[in-house]
Amino acid sequence: MQFLGKEIPSPLTLASGILGISFSSLQRIIRDGAGMVTTKSLSLEPRIGHEGPIIAEFDGGLINSVGLTNPGIQDGLLEVEKFHKEFEGVSIVSVFGGNAAEFVRLAKAVNSSSADLLELNLSCPNVEDEFKRPFALMPEKITEIVSAVGAVSQIPVLAKLSPNAYDVAEMATLAEAAGADGITMINTLGHGMVIDAIARRPVLRNNFGGISGPCIKPLALKLIHDVYQKVDIPILGTGGVSNGLDAVEMMMAGASAVAIGSAVYERGLDVFRSTRLEMEAFMETHDYADYSDLIGLLEEN
Amino acid sequence: MKRDRQTLPIVAIREENVSLRTFTFETSLQALPGQFIMLTVFSQGEKPFSILDVTESSFSMTIKNIGPFTERLFQMDVGDIISIRGPYGQPFSQETGRILMVGGGYATPPLRFQAKVLREAGVRYLVNVNGARSETDLLYVPDFMDYCDRSLIATDDGSQGYRGTSVAVMQDVLGEESFDRIYISGPEKMMKAATTVARQFGVPFEVNLERYMKCGVGVCGSCVMDPHGFILCMEGPVVDHKTLDKLEEFGVSHRDKTGRITAL
Ligand SMILES: Cc1cc2nc3c(=O)[nH]c(=O)nc-3n(C[C@H](O)[C@H](O)[C@H](O)COP(=O)(O)OP(=O)(O)OC[C@H]3O[C@@H](n4cnc5c(N)ncnc54)[C@H](O)[C@@H]3O)c2cc1C
Ligand SMILES: Cc1cc2nc3c(=O)[nH]c(=O)nc-3n(C[C@H](O)[C@H](O)[C@H](O)COP(=O)(O)O)c2cc1C
Ligand code: FES
Chain A
1 MQFLGKEIPS PLTLASGILG ISFSSLQRII RDGAGMVTTK SLSLEPRIGH
51 EGPIIAEFDG GLINSVGLTN PGIQDGLLEV EKFHKEFEGV SIVSVFGGNA
101 AEFVRLAKAV NSSSADLLEL NLSCPNVEDE FKRPFALMPE KITEIVSAVG
151 AVSQIPVLAK LSPNAYDVAE MATLAEAAGA DGITMINTLG HGMVIDAIAR
201 RPVLRNNFGG ISGPCIKPLA LKLIHDVYQK VDIPILGTGG VSNGLDAVEM
251 MMAGASAVAI GSAVYERGLD VFRSTRLEME AFMETHDYAD YSDLIGLLEE
301 N
Chain B
1001 MKRDRQTLPI VAIREENVSL RTFTFETSLQ ALPGQFIMLT VFSQGEKPFS
1051 ILDVTESSFS MTIKNIGPFT ERLFQMDVGD IISIRGPYGQ PFSQETGRIL
1101 MVGGGYATPP LRFQAKVLRE AGVRYLVNVN GARSETDLLY VPDFMDYCDR
1151 SLIATDDGSQ GYRGTSVAVM QDVLGEESFD RIYISGPEKM MKAATTVARQ
1201 FGVPFEVNLE RYMKCGVGVC GSCVMDPHGF ILCMEGPVVD HKTLDKLEEF
1251 GVSHRDKTGR ITAL
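Protein sequences appear in the order of chains A and B.
Per the working numbering, the first sequence starts with residue 1, numbered consecutively.
Per the working numbering, the second sequence starts with residue 1001, numbered consecutively.
Here it is in structure tokens:
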């Protein structure tokens, strides 16, 4: 099947921020059955991120406050080069900037690398102390950043949106109008908190974090469905996908490809291979010839 | 989802030497030598530590005071609470033939645990080489004497045992006797040298690696090793000689807190 002009063996994609940036884990994930990989979001300068605990589990999924730990765009793109050297695989490089000018510098750097696609992380909830409200909540920022990046990028640009916006479909429409080639959604939900009752403290060192995993899947499906009605550009769906049926549902809601994050914690790297097999089994039973036949099939009651 | 976090008071603190303390907690932990836990000191952070010992109702860790996190831990008293999650990672194998163990510095806790477990499992013959900078840095000397058929000591300054490195002593031992397996835990440069010697003698070995770890459960990517994307926190930290062949960055480089590659 195809996603934004790239031929991919399966719609499954590594979501940004899981297993980081090293070329070797990205290659391994493609070998394990993913069609594409997204890098950890890269910023202009290296970032240590927050102190641990940066991750806490609860019955419905995970809460994380990694805080955009990354080696910076320069070292990050060296990994992307190594990833592509003698290796077939589609890369999405995710970037995070503090303003439109930074996004433009990051986009230029990505364009001069061998990256296939560019994803703008407009929606990280874990750095509000530094960067204030995520851009994905501010209509004028979405327009400003996406159009500034669009003006310099030769490679397709995905805008990654937040489920926390009041009207996500409206935000997606703005991103499309500003020239985005695709939408990635959703980033983590909330902030949420996991509490240690004995210690009378939040478990995360940073007190709160973004919620991901199975509990956000219903929200992701609804928002993807809404956005699919409103825009013509492809959606990279993400949020709570842990198995083949979840991925099928997400494509039916309107996603053209599906990214998996937290389920790597639950099922290990094997999640890509298993999910792919589970999708194929579903498609065979229900007579779908190609992954792309699933996209947007949902009928409302 | 797995929920393996526990919040516990410290029940005992033992001074091993000026910079090392053993902390004991009451809970039953299904853990094997080489595995580690993630330890949270409230308001400070979370870090990985090897398990020194488990009993039916307790476990302990030996910790070196080297930075802000461990400094904060060293200010704590019996009764203060911490939180743990784990055990995580792959343990040493349980080979009970003729065993050689080579350790260096504060990386010896897993070997002490391994010696105990192998002794209980009826190991045929157990030799330990315990290396440290100086006499005062040596750990668990009486324990190793208890558990092992031969227990050798190497100090850089010759203040106790042989003067020199544990690797030099290891080389001598391998010249004298044959072994089925070698378990190695120490600073990476020392382990690198030890693996070279082990290969010369053709003895299978396992090493206990350390990388910067932040999540401990294969999610954050900070411990990933090139060029095959080996996830050390889950697939290690104990690595056998065959796997080690593939980890080209062993003894050469590691990743810092941001994920940048830096020379070792
Ligand atoms: C699997 C594993 C088992 C370990 N077992 C023990 C043990 O039994 N006893 C013990 O004293 N130490 C052990 N360590 C090392 C221990 O985690 C760190 O040395 C310690 O957390 C340093 O904390 P700090 O904040 O006091 O020092 P810092 O000043 O922050 O760091 C000092 C040095 O410790 C190392 N370090 C710091 N944070 C980490 C981290 N998150 N992961 C890995 N290394 C780090 C780095 O090399 C750093 O340069 C282990 C590490 C790993 C990965
Ligand atoms: C540990 C962790 C780190 C993440 N880091 C990033 C990041 O750097 N950039 C980003 O755009 N999204 C990041 N995310 C969000 C994921 O890419 C994904 O959008 C979200 O987790 C929902 O998918 P899931 O339920 O499958 O995990 C992170 C998520 C987790 C759990
Ligand atoms: S420490 Fe996070 S992946 Fe190993």
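For glycine and all other residues, C-beta sits at the position ideal for the given N, C-alpha and C.
(message) ligand 2 and Leu62 (chain A): does any heavy atom of the ligand fall closer than 8 Å to the residue's C-beta?
(response) Yes, since a heavy atom of ligand 2 falls inside the 8 Å radius drawn around the Cβ of Leu62 (chain A).
(request) Please compile the residues from chain A whose C-beta is within a distance smaller than 9 Å of the C-beta of Cys1215 (chain B). (result) Residues of chain A whose Cβ lies closer than 9 Å to the Cβ of Cys1215 (chain B) are, in chain order, Gly52, Pro53, Ile54, Ile55, Asn64, Val66, Tyr265.
(request) May I ask you to verify whether the stretch 1227-1238 of chain B touches the stretch 1171-1180 of chain B, counting CB pairs closer than 8 Å and requiring at least 3? (result) Contact annotation: the stretch 1227-1238 of chain B does not touch the stretch 1171-1180 of chain B, with fewer than three C-beta pairs closer than 8 Å.
(request) Kindly indicate which three-state DSSP category Met250 (chain A) falls into: helix, strand or coil? (result) Met250 (chain A) falls in the helix class under three-state DSSP.
(message) Between the alpha carbons of Asp181 (chain A) and Pro53 (chain A), how many angstroms are there, rounded?
(response) One alpha carbon belongs to Asp181 (chain A), the other to Pro53 (chain A), and they sit about 36 Å apart.
(message) For a contact defined as C-beta to C-beta under 7 Å, what are the partners of Ser24 (chain A) on chain B?
(response) Ser24 (chain A) reaches chain B at Val1224, Asp1226, Pro1227, His1228, Gly1229, counting residues in chain order whose Cβ is nearer than 7 Å.
(message) Please classify Asp1080 (chain B) as buried or exposed, where buried requires at least 16 neighbouring CB atoms within 10 angstroms.
(response) Its Cβ having fewer than 16 others within 10 Å, Asp1080 (chain B) is exposed.
(message) Please state whether the Cβ-Cβ distance between Ile63 (chain A) and Val203 (chain A) is less than 9 Å.
(response) Contact: yes.
(request) Kindly provide the ranges of any alpha helix (DSSP H) runs that are 4 or more residues long and lie completely inside the stretch 222-279 of chain A, ordered along the chain. (result) The alpha helix (DSSP H) runs of length 4 or more contained entirely in the stretch 222-279 of chain A are, from start to end of the chain, 244-253, 263-267.
(request) Indicate whether at least one CB of chain B lies closer than 9 Å to the CB of Thr13 (chain A). (result) So no, Thr13 (chain A) is outside the interface.
(message) Output needed for Ala172 (chain A): all residues of its chain with C-beta closer than 7 Å, excluding positions within five of it in sequence on either side, in chain order.
(response) Sequence-distant partners of Ala172 (chain A) (beyond 5 residues in either direction) whose C-beta falls short of 7 Å from its own C-beta, in its chain, are Leu161, Ile183, Val227, Lys230, Val231.
(request) Using three-state DSSP, classify Phe135 (chain A) as helix, strand or coil. (result) In the structure shown, Phe135 (chain A) adopts helical secondary structure according to DSSP, grouped into three states.
(message) Quick check: the Cα distance between Leu1052 (chain B) and His225 (chain A), rounded to an integer number of angstroms?
(response) Each residue's alpha carbon lies about 52 Å from the other.
(request) Give the secondary structure of Arg1211 (chain B) by DSSP, where H, G and I count as helix, E and B as strand, and everything else as coil. (result) Correct three-state label for Arg1211 (chain B): coil.
(request) Under 8 Å Cβ to Cβ from Lys6 (chain A), same chain only, skipping five residues before and after it: list those, please. (result) Taken in chain order, the residues that qualify are Met36, Val90, Asp116, Leu117.
(message) Between Gln2 (chain A) and chain B, is the shortest Cβ-Cβ distance under 9 Å, so that the two count as touching?
(response) It does not; no Cβ of chain B falls within 9 Å.
(request) Give the interface partners of Leu174 (chain A) over in chain B, defined as CB-CB distance under 9 Å, in chain order. (result) Close partners of Leu174 (chain A) in chain B (Cβ separation under 9 Å) are lacking, with about 32 Å as the shortest Cβ gap.
(message) What I want to know is whether the C-beta of Ile1063 (chain B) ends up closer than 8 Å to one or more non-hydrogen atoms of ligand 1.
(response) Answer for Ile1063 (chain B): yes, Cβ within range of ligand 1.
(message) Does the beta-carbon of Thr238 (chain A), which I'm using as the reference point, lie nearer than 8 Å to any heavy atom of ligand 2?
(response) Yes, Cβ of Thr238 (chain A) sits closer than 8 Å to a heavy atom of ligand 2.
(request) Check whether the stretch 1177-1190 of chain B touches the stretch 1102-1113 of chain B, counting contact only when three or more Cβ pairs, one atom from each stretch, lie closer than 8 Å. (result) The answer is yes - the stretch 1102-1113 of chain B touches the stretch 1177-1190 of chain B, with three or more Cβ pairs under 8 Å.
(message) Between which residues of its own chain and Glu1016 (chain B) is the CB-CB distance below 7 Å, once the five residues before and five after are set aside?
(response) Counting only Cβ-Cβ distances below 7 Å, and skipping sequence neighbours, we find Thr1022, Thr1062, Leu1139.
(request) Counting only runs of 4+ residues fully inside the stretch 1119-1181 of chain B, write out the alpha helix (DSSP H) ranges in chain order. (result) Within the stretch 1119-1181 of chain B, the complete alpha helix (DSSP H) runs of at least 4 residues fall at 1141-1147, 1166-1176.
(request) Would you mind stating whether Ala259 (chain A) and Thr38 (chain A) have Cβ atoms separated by less than 9 Å? (result) Pairing Ala259 (chain A) with Thr38 (chain A) gives a Cβ-Cβ distance under 9 Å.
(request) Determine the burial state of Asp1137 (chain B): buried for a count of at least 16 other Cβ atoms within 10 Å of its Cβ, exposed for fewer. (result) Per the 10 Å Cβ criterion, buried.
(message) Between Asp196 (chain A) and chain B, is any beta-carbon pair separated by less than 9 Å?
(response) Cβ-Cβ to chain B under 9 Å: yes for Asp196 (chain A).
(request) Answer yes or no: the CB of Gly1216 (chain B) versus the heavy atoms of ligand 3, is any distance below 8 Å? (result) Within the cutoff, so yes.
(message) Within a Cβ cutoff of 8 Å, which residues of the same chain sit near Arg1133 (chain B), ignoring the five residues on either side of it in sequence?
(response) Here the set comprises Gly1105, Thr1155, Asp1156, Asp1157.
(request) Work out the CA separation of Ile30 (chain A) and Ser1050 (chain B) for me, nearest whole Å. (result) Roughly 32 Å separates the two Cα atoms.
(message) Between which two residues does the alpha helix (DSSP H) holding Met1234 (chain B) run?
(response) Counting along the chain, the alpha helix (DSSP H) containing Met1234 (chain B) begins and ends at 1232-1235.
(request) Go through its chain and collect everything with a Cβ distance to Leu12 (chain A)'s Cβ below 7 Å, but skip five positions before and after it. (result) Answer for Leu12 (chain A): Gly33, Ala34, Gly35, Ala247, Val258, Ile260, Phe272, Thr275, Arg276, listed in chain order.
(message) Distance cutoff 9 Å, beta carbons only. Does Phe943 (chain B) sit that close to anything in chain A?
(response) Past the edges of chain B, shown from 1001 to 1264, lies residue 943 (chain B), and the structure says nothing about it.
(request) For Asn121 (chain A), I'd like the list of residues in its chain whose CB is within less than 6 Å of its CB, leaving aside the five on either flank, ordered along the chain. (result) So the qualifying residues of the chain are Ser41, Ser94, Phe96, Lys160.
(message) Using 8 Å for Cβ pairs, my map puts Phe1025 (chain B) next to Val1041 (chain B). What's the rounded Cβ distance?
(response) In this structure Phe1025 (chain B) does not touch Val1041 (chain B) by the C-beta definition: roughly 13 Å separates them, more than the 8 Å allowed.
(message) Check for me: the alpha helix (DSSP H) holding Asn111 (chain A) runs from which residue to which?
(response) Here the alpha helix (DSSP H) through Asn111 (chain A) covers 100-111.
(message) Using only the alpha-carbon positions, how far apart do Glu266 (chain A) and Asp1240 (chain B) sit?
(response) Approximately 26 Å between the Cα atoms of the pair.
(request) Tell me Asp196 (chain A)'s beta-bridge partners as DSSP assigns them. (result) In the DSSP assignment, Asp196 (chain A) forms a beta bridge with A:Arg201.
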